[in-house]
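Letter 43 of the sequence shown, counting from 1, is numbered 58 in the numbering used here, and no numbers are missing.
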Amino acid sequence: MTLAWLKNLCQDEQIDKENHMQNNNKEYRFPAFFDSHLHFLGIGMSSKILDFKEDRSIEAILAKIKSTASAKAIFGRGWNQLDLVEKRMLDKTDLDRVCPNTPVVLLRVCGHVACINSEAFRRLDLTFENIQAYGKSIDYPRGLLYEDALPLLDHLRDVPSISDIKDCFRIAEKMLLETGVTTILSDDFSSSPLPYPLIIQALDELYRQNECHIRLIEQVNLPTASLLADYLKQGLTQKRPGNWRLGPIKLLTDGSLGAHTAALRSDYHDQPGQRGILNYSDHELGELFDLANLAKKDCHIHAIGDAAIEQVLSVMEQSLRRTNRSEHRHAIVHAQMADYQQIKWMKALGFSAIVQPIFLESDIAMLDARLGQRKHETYLFKTMANEGIKVCFGTDSPVESFSPFTNLRAAITRQSVKDASLGQHLPKETFQLAEAIGCYGANNRYLIRDEKCMERDYLILDKNPFEIPIDELDDVQVLRTVIKGETVFDKHDRRTLSSSK
């Protein structure tokens, strides 16, 4: 693409037309990025625990645990059995071997399953006999906890203070601004054992004191009807201090493909008899949807498996009818297994799609094993766009990297850098760069009903993304990040807001 094309695109993205696209120092002006779904607090919290994303063997993971100083409990995240030479899930016998006396909790990269050791079971007073109420959510022999059993692990954590939470937000903001992300839709209430009013308090204090600048729209994750009803009854002011506000309701209806907990309509190809987990009955989900629709709140609903997507569309269609709501901006988050029929249904109901092309980095390697021939009707993001659905890119970080350029490359190539030999997943679903950038800006602004919110946000880059090979997108450096005309990150000036934190 030409520089003129980029200039026109940036004007479409509402960047100030008085500024030049390219200056004498070969620096390029570019639209800022809007991540449609991540975990702002989770990014900061993940920086404070063990990280296993780069480990390629169980022995490497165990060595890292063994070298960790004695603590009340050892927490880590990021392992993925597909990346390990052993090609299997961790189990508690692995952890017991190196750490028999300290609780160990290791979340898989997806955050939907954790492996814990015997000492963790003991501290939680969980035995083979008393876990029956959790059904398939606890696999005691293997030491695996899934979905609704995961909150039990909060009992092993030190309850963070508001000061701790604020520090995590500061860390995460610095990281995001350095990659050119100026606006985020974020699910934070589920990231900490603290009650959500304290999360709100921490954010209010940070933004009121001008310690945070990223534009934050909170995806309000309150998973039960009683919690949601209480929240709505309070009538909290949605606009908070500075650049943050309370936003749409967030709900999780199933798990992940990697953990075998995404809810499928037929068995997992590699686990006959297993179809994943639906977190709600139709009645329970309908009650939540009715509360949101009656309050005129939009819903962002995590649904990965085709059974979960089917449930969301069916139950929401009934709720919209019951509550007589015609105008909304509901969205399905992930929608990895939405098939062609479900995509048409999404369009008919007015749903947007909050998707993560970067998931293909990890998922390509497992699609054949998990789904068999069904893999050919997955991650149909371009089909969604062609149907007229607003496709909104995000990363779900810390599940995957929050790098916008890595996410763009994944959308354009449909390949994994981890193993290029796996080839493209459904090449017809690739995006052009210009299309992909629209999924990082205008479409996302539509979601939050504020199409002009990023008018004075922009980036200065060291390369023009339209004039380099696609496989070099990951190498693009953000030199400066600007929000509302104010520089919040400057790679060459340590005095800028982000750099000084």
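By construction, the Cβ of each residue, glycine as well, lies at the ideal position given by its N, Cα and C atoms.
Predicted, not measured: the structure shown is a model, and the values here were computed from it.
Got a sec, what are the start and stop residues for the alpha helix (DSSP H) residue 368 sits in?
Against the sequence shown, residue 368 aligns to sequence position 353. From DSSP, residue 368 is part of no alpha helix (DSSP H) but of the beta strand (DSSP E) over 367-370.
Could you check if residue 374 is buried or exposed, using at least 16 other CB atoms within 10 Å of its CB as the buried criterion?
Indexing the sequence shown from 1 puts residue 374 at position 359. Per the 10 Å Cβ criterion, buried.
Quick one: using the 10 Å Cβ neighbour count with 16 as the cut-off for buried, is residue 508 buried or exposed?
In the sequence shown, the residue the question calls residue 508 occupies position 493. Exposed: under 16 other Cβ atoms inside 10 Å.
Would you kindly check if the distance between the Cβ of residue 245 and the Cβ of residue 280 is under 8 Å?
Here residue 280 refers to the residue found at position 265 when the sequence shown is read from its first residue. Here residue 245 refers to the residue found at position 230 when the sequence shown is read from its first residue. Result no, Cβ atoms of residue 280 and residue 245 do not sit closer than 8 Å.
Which value, in whole angstroms, describes the spacing of the CA atoms of residue 382 and residue 390?
Locating residue 382 in the sequence shown gives position 367, where the first residue counts as 1. Locating residue 390 in the sequence shown gives position 375, where the first residue counts as 1. The straight-line gap from Cα to Cα measures roughly 6 Å.
Who does residue 496 pair with in a DSSP beta bridge?
Walking along the sequence shown from the start, residue 496 turns up at place 481. Answer by DSSP bridge pairing, in chain order: 474 and 504.
Residue 33 (DSSP reduced to helix, strand or coil):
In the sequence shown, residue 33 corresponds to position 18, counting from 1. The predicted position of residue 33 is uncertain, since its pLDDT is 35 and thus under 50; no value can be drawn from it.
In whole angstroms, give me the CA-to-CA distance for residue 501 and residue 116.
Translated into the one-based positions of the sequence shown, residue 501 becomes position 486. Translated into the one-based positions of the sequence shown, residue 116 becomes position 101. So the alpha carbons of these two residues sit roughly 51 Å apart.
Beta-carbon within less than 7 Å of residue 138's beta-carbon, same chain only, minus the 5 sequence neighbours each way: which residues are those?
Position 123 of the sequence shown holds residue 138. Here the set comprises 118 and 171.
Whole angstroms are fine: how far does the CA of residue 58 sit from the CA of residue 69?
Translated into the one-based positions of the sequence shown, residue 69 becomes position 54. Translated into the one-based positions of the sequence shown, residue 58 becomes position 43. Cα-Cα distance, rounded: 16 Å.
May I ask you to report which of helix, strand or coil DSSP gives residue 455?
Residue mapping note: residue 455 aligns to position 440 of the sequence shown, counting from 1. Of the three classes helix, strand and coil, the one that applies to residue 455 here is coil, per DSSP.
Residue 485 versus residue 427: straight-line alpha-carbon distance, rounded:
By one-based count along the sequence shown, residue 485 stands at place 470. By one-based count along the sequence shown, residue 427 stands at place 412. Distance between the alpha carbons of residue 485 and residue 427: 8 Å.
In whole angstroms, what separates the C-alpha of residue 497 from that of residue 387?
Locating residue 497 in the sequence shown gives position 482, where the first residue counts as 1. Locating residue 387 in the sequence shown gives position 372, where the first residue counts as 1. C-alpha separation (whole angstroms): 46 Å.
According to DSSP, which residues form a beta bridge with residue 90?
Taking the first residue of the sequence shown as 1, we reach residue 90 at position 75. According to DSSP, which records beta bridges pairwise, residue 90 is partnered with 120.
Any beta-carbon of chain C closer than 8 Å to the one on residue 333?
In the structure shown, chain C cannot be found, because there is only a single protein chain.
Give a yes or no on whether the C-beta atoms belonging to residue 121 and residue 130 are separated by under 8 Å.
Within the sequence shown, numbered from 1, the residue matching residue 121 stands at position 106. Within the sequence shown, numbered from 1, the residue matching residue 130 stands at position 115. Yes. Within cutoff.
With burial defined as no fewer than 16 other Cβ atoms inside 10 Å of the residue's Cβ, what is the status of residue 483: buried or exposed?
Taking the sequence shown and counting its residues from 1, the one referred to as residue 483 is at position 468. Exposed: under 16 other Cβ atoms inside 10 Å.
In angstroms, rounded to a whole number, what distance separates the CA positions of residue 429 and residue 377?
One-based indexing of the sequence shown puts residue 429 at position 414. One-based indexing of the sequence shown puts residue 377 at position 362. Between residue 429 and residue 377, the alpha-carbon positions lie close to 12 Å from each other.
Skipping 5 residues on each side, what residues in its chain have a beta carbon closer than 8 Å to that of residue 240?
On the sequence shown, residue 240 is found 225 positions in, with the first residue counted as 1. Same-chain partners within the cutoff: 299, 302, 303 and 306.
Alpha-carbon spacing of residue 36 relative to residue 402, whole angstroms:
Taking the first residue of the sequence shown as 1, we reach residue 36 at position 21. Taking the first residue of the sequence shown as 1, we reach residue 402 at position 387. Residue confidence is low: residue 36 scores 48 on pLDDT, short of 50, so the model does not pin down where it sits. Its coordinate-derived value is still stated next. The straight-line gap separating the alpha-carbon atoms of residue 36 and residue 402 is approximately 33 Å.
Considering just the uninterrupted stretch of the alpha helix (DSSP H) at residue 182, what are its terminal residues?
By one-based count along the sequence shown, residue 182 stands at place 167. Counted as a single uninterrupted DSSP element, the alpha helix (DSSP H) harbouring residue 182 occupies residues 177-193.
Just the C-alpha distance for residue 236 and residue 242, rounded to the nearest angstrom, thanks.
Position 221 of the sequence shown, counted from the first residue, corresponds to residue 236. Position 227 of the sequence shown, counted from the first residue, corresponds to residue 242. C-alpha separation (whole angstroms): 10 Å.
Endpoints, beta strand (DSSP E) assigned at residue 43:
Locating residue 43 in the sequence shown gives position 28, counting from the first residue. Run containing residue 43: 43-45, per the beta strand (DSSP E) assignment.
Under the three-state DSSP convention, the category residue 392 falls into:
What you label residue 392 is simply residue 377 of the sequence shown in a count that begins at 1. Of the three classes helix, strand and coil, the one that applies to residue 392 here is helix, per DSSP.
Boundaries (first-last residue) of the beta strand (DSSP E) holding residue 315
One-based indexing of the sequence shown puts residue 315 at position 300. 314-318 is the span of the beta strand (DSSP E), which, as asked, contains residue 315.
Does the beta-carbon distance from residue 293 to residue 331 come in below 8 Å?
Against the sequence shown, residue 293 aligns to sequence position 278. Against the sequence shown, residue 331 aligns to sequence position 316. It is not a contact, given that the beta carbons lie outside the stated cut-off.
Apart from the five residues just before and just after residue 410, which ones in its own chain have a Cβ nearer than 7 Å to its Cβ?
Along the sequence shown, read from residue 1 onward, the residue named residue 410 stands at position 395. These residues qualify, in order along the chain: 50, 53, 371, 373, 416, 417 and 422.
Mapping the DSSP letters down to three states, classify residue 252 as helix, strand or coil.
Locating residue 252 in the sequence shown gives position 237, counting from the first residue. Three-state result, residue 252: coil.
Which class does residue 61 belong to by DSSP, given the choice of helix, strand or coil?
Position 46 of the sequence shown, counting from 1, holds the residue named residue 61. DSSP places residue 61 in helix when its eight states are reduced to three.
Should residue 355 be labelled buried (16 or more other beta-carbon atoms within 10 Å of its own) or exposed?
Within the sequence shown, the letter at position 340 stands for residue 355. By the 10 Å Cβ count, residue 355 comes out exposed.
Taking Cβ positions, are residue 247 and residue 346 nearer each other than 8 Å?
Start at 1 with the first residue of the sequence shown, and residue 247 comes out as number 232. Start at 1 with the first residue of the sequence shown, and residue 346 comes out as number 331. The answer is no: Cβ separation not under 8 Å.
May I ask you to list the residues that DSSP assigns as paired with residue 154?
Start at 1 with the first residue of the sequence shown, and residue 154 comes out as number 139. Answer by DSSP bridge pairing, in chain order: 159.
Taking all protein chains shown into account, decide if residue 102 is buried (16 or more other Cβ within 10 angstroms of its Cβ) or exposed.
Looking up residue 102 in the sequence shown gives position 87. Under this definition residue 102 is an exposed residue.
CA-CA distance, residue 128 and residue 291?
Start at 1 with the first residue of the sequence shown, and residue 128 comes out as number 113. Start at 1 with the first residue of the sequence shown, and residue 291 comes out as number 276. One C-alpha to the other measures close to 12 Å.
Beta-carbon separation (whole angstroms), residue 206 vs residue 60, contact threshold 8 Å
As a first step, residue 206 must be located in the sequence shown, where it is residue number 191. As a first step, residue 60 must be located in the sequence shown, where it is residue number 45. Contact holds; Cβ gap of about 6 Å.
Taking DSSP's pairing of strands, which residues face residue 50 in a bridge?
What you label residue 50 is simply residue 35 of the sequence shown in a count that begins at 1. 199.
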